[in-house]
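Convert by adding 846 to the 1-based position in the sequence shown; the result is the number in the numbering used here.
Reviewing the structure listed below.
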Amino acid sequence: MPSKDRTLTAVKLPKDWSPAGWRQHVALQQPTYPDAAALEGVQEELRALPPLVTSWEILSLKQQLAEAQEGKRFLLQGGDCAETFDGCTPDVISNRLKVLLQMSLVLVHGMRKPVVRVGRFAGQYAKPRSADMETIGDVSLPSYRGDLVNGPEFTEAARIPDPRRMIKGHARSAMTMNFVRSLIDGGFADLHHPEYWNLEWVGHSPLAEEYRRMVTAIGDAVRFMETLSGQEVHNLNRVDFYTSHEALLLPYEESQTRQVPRHWGWFNLSTHYPWIGMRTADLEGAHVDYFRGIRNPIAIKVGPSVHPDQLLKLIDVLNPDDEAGRLTFIHRMGAKAIEEKLPPLLNAVQRDGRRVLWVCDPMHGNTESTTNGYKTRRFRNIRSELEMAFELHAAAGTRLGGVHLELTGEDVTECLGGARELTESDLERAYKSTVDPRLNYEQALEVAMLIVRKQAQ
Ligand code: PEP
Ligand code: MN
847 MPSKDRTLTA VKLPKDWSPA GWRQHVALQQ PTYPDAAALE GVQEELRALP PLVTSWEILS
907 LKQQLAEAQE GKRFLLQGGD CAETFDGCTP DVISNRLKVL LQMSLVLVHG MRKPVVRVGR
967 FAGQYAKPRS ADMETIGDVS LPSYRGDLVN GPEFTEAARI PDPRRMIKGH ARSAMTMNFV
1027 RSLIDGGFAD LHHPEYWNLE WVGHSPLAEE YRRMVTAIGD AVRFMETLSG QEVHNLNRVD
1087 FYTSHEALLL PYEESQTRQV PRHWGWFNLS THYPWIGMRT ADLEGAHVDY FRGIRNPIAI
1147 KVGPSVHPDQ LLKLIDVLNP DDEAGRLTFI HRMGAKAIEE KLPPLLNAVQ RDGRRVLWVC
1207 DPMHGNTEST TNGYKTRRFR NIRSELEMAF ELHAAAGTRL GGVHLELTGE DVTECLGGAR
1267 ELTESDLERA YKSTVDPRLN YEQALEVAML IVRKQAQ
C-alpha cells in the first residue's frame, strides 16, 4: 500500500460494497433500455476506455474541500443545468470558463482567500425529470432525460433511450476536459492577463465597469509584488479547475468506477466531484449505495422536505469515519422556505459535531413558470436565498463554504431581473436552455459581488 495515501489509517473500505451493488436497491430516474445486450456491450466498452480524471486529482480536490470546511477556501461550483452534445463547442466552453474565472477573481479579491473552482461540466449530461412521460396533445412519449440517455426532440425515435449515447457522452466529456486543460496550461487563466476573459458580446455594463476597476487594482498589486520581490508571482498563473456532474445514470457511473495502482479503494474516474440530486437522495436507494463506496469527495442536494434525522443518517452512511473533505451538503430550499427549513438541519449537524461542507444552491428552489410558458427564476429570489443563507449560517454558528450555480457565458435571457432588469417579454429573445434557466454573465458577476459583500458583514 502506498505511504503517500494519508487517509489510509483513518478511513475504512465500506463493507459489502461493489460498483454494481446498487443494482440490489431501488434505482430512481433510470431509463428503460429496450436492448439489455446492447447496454451490456456499451458498459464493456466504457470499462476499457481511459478514465477522464485521475485519483491524484480527486484526492487533491478532497484536500482543498477539507480546507473549505475550515473556512480557508471558498467553493465556486457552476455551469449549465444540462450540457448538450451540440453545446460541446469552443465558444460555449471558453465563454463559460471566462465567466467562472471572472467570478473567481472577484471572490479571491474580495474574500482574500483562495477559491476552489469546480465546473458543472465535462459530464453534466443526465437529468432527473418530474414525470417519466411527456404528453403533448394526445401523444405521450418518454421524457427527455439528458443527451446521455435520449434526444430532446418530441419524436418516438429521439426519445428511445440509446446506450450508445454513453460512449458519445464520455467522448464529449473528454473533449471538454481536454480543451479546458489546454486553455489553462497554455496560460488562459493567467492572472497577469485577465483581459483574456472578456466576453466579446458584452457591451457597456455598470457591472463590467466595477469588474474592470477590480482587475486594474489586482494587476497593480501583482506588478507591485513582482517589483518588490524581483520575480514573477508564480502561483498566480496556475489555476486548478475541477469537474463535477450529477452522477444520475448509474450504468454509466458504474463503468467508470475503478481501482488504481497507487491508491486503495474505488474511484469514480468520470469526474472529480459527483453529486446526488434531490430526487435520488433516498437513504435506502441505489444512488446512496453507489456513492458510499467511492473515494471521491461527494455532494448531496438537500431540499426542504429533508428532516434533520435523515440528514444525520445520510452522514452515517456516506461519511462514517468523519473524513475531512469527503461530504458536501448543497442546500436548495428556495427563498420562501430557507428561513424555516435550513436552521434545524444546521443545528442537528452542528450538535452532532459532524464534518460537512455547506454549500448554497440558490437556483433550484426558485424555479417558476411565467404566464407566457417559460421556466424561469427571479434574480431577486436568488439573491434573497443567498443572503439568507449567509445570515442563517452565521446565526447557527456554522459556515457557508460555497455556492452552486447554473450559469452560462452565452448571451441568454433566462432568469428575470438583475442588472439589466430582464422582464418576462425579454425571455423570448434568447432563451436557449433545454432544461433549467441559467444566470447570464451580468447576473453571475452580480452574484459574485453579492457574496463578497455578504461575507464581509
Ligand atoms: C440540478 O442541479 O440541475 C438539479 C436537478 O437539482 P436538484 O437535484 O437540486 O433538483
Ligand atoms: Mn438544473
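Glycine residues also receive a C-beta, built at the ideal position from the N, C-alpha and C atoms.
The structure presented is a predicted model; accordingly, all values stated were derived computationally and were not measured.
Beyond the five residues adjoining it in sequence on each side, L953 comes within less than 7 angstroms, by CB distance, of F920, L922, V961, A1294, I1297 and V1298 in the same chain, given in chain order.
Nearest neighbour of W1121 by Cα position, chosen from A1054, A1093 and V857, turns out to be A1093.
Under the three-state reduction of DSSP, F1175 is assigned to strand.
In the same chain as P998, and ignoring 5 residues on each side of it, the C-beta atoms closer than 6 angstroms to its own belong to Y990 and T1280, in chain order.
A residue is called buried when at least 16 other Cβ atoms come within 10 angstroms of its Cβ; I1030 meets this threshold and is buried.
H1250 has its CB no nearer than 7 angstroms to any heavy atom of the ligand MN. Boundaries of the beta strand (DSSP E) harbouring A1145: I1144 to V1148, taken from the DSSP string. Bridge pairing for E1252: G925 [DSSP]. For R963, the enclosing beta strand (DSSP E) covers residues V961 to R966. Under a 10 Å Cβ-count criterion, S1215 is classified as exposed, with fewer than 16 other Cβ atoms of the shown protein chains found around its own Cβ. Between G1149 and L1164, the alpha-carbon positions lie close to 18 angstroms from each other. Assigned with DSSP and collapsed to three states, E1260 falls in coil, not helix or strand. Straight across, the Cα-Cα distance linking F1034 with A1017 is about 23 angstroms. Scanning its chain for C-beta atoms nearer than 6 angstroms, with the 5 sequence neighbours on each side dropped, one finds around A1127 the residues I1146, in chain order. When the alpha-carbon of T1217 is set against those of E1274, K1159, D1066 and D1008, the nearest one is in E1274. A straight line joining the alpha-carbon of Q876 with that of S950 spans about 35 angstroms. Under the DSSP assignment, S1279 falls outside any alpha helix (DSSP H); it carries neither an H nor an E label. 8 angstroms or more divides the Cβ of L1253 from the Cβ of A1276. Closest in C-alpha terms to D993, from the list Y1220, T930, K959 and I1064, comes T930. At a threshold of 7 angstroms, P1150 does not count as near the ligand PEP, since its beta carbon sits no closer than that to any of the ligand's heavy atoms.
Taken in chain order, the complete alpha helix (DSSP H) segments of 4 or more residues contained in the region 1087-1141 are 1096-1101 and 1132-1138.
Annotation: the continuous beta strand (DSSP E) that includes L987 extends over V985 to P988. Counting along the chain, no beta strand (DSSP E) covers E1169, and no H or E run does either. Scanning the region 1187-1218 for uninterrupted beta strand (DSSP E) segments of 3 residues or longer gives 1203-1206 and 1213-1215, listed from N- to C-terminal end.
Straight-line spacing of the CA atoms in D1135 and M1012 works out to 22 angstroms. Nearest in C-alpha terms to L1053, of all of H1250, E1288, K1300 and Q1303, is E1288. Every residue whose Cβ sits closer than 5 angstroms to any heavy atom of the ligand MN is listed here in chain order: C927 and D1282.
Distances from the CA of H1038 to each of R1108, D978 and L947 were compared; the closest alpha carbon is that of L947. Rounded to the nearest angstrom, the Cβ distance from I904 to F1137 is 14 angstroms, too far for a contact under 8 angstroms. Less than 8 angstroms separates the beta-carbon of R1172 from that of I1144.
By the neighbour-count criterion, in which a residue is buried when 16 or more other Cβ atoms sit within 10 angstroms of its Cβ, P865 is buried. Taking the CA atoms as reference points, T1089 sits about 32 angstroms from L987.
Cβ neighbours of A1235 within its own chain (closer than 8 angstroms, five residues either side excluded): H1177, I1184, L1188, C1206, P1208 and L1246.
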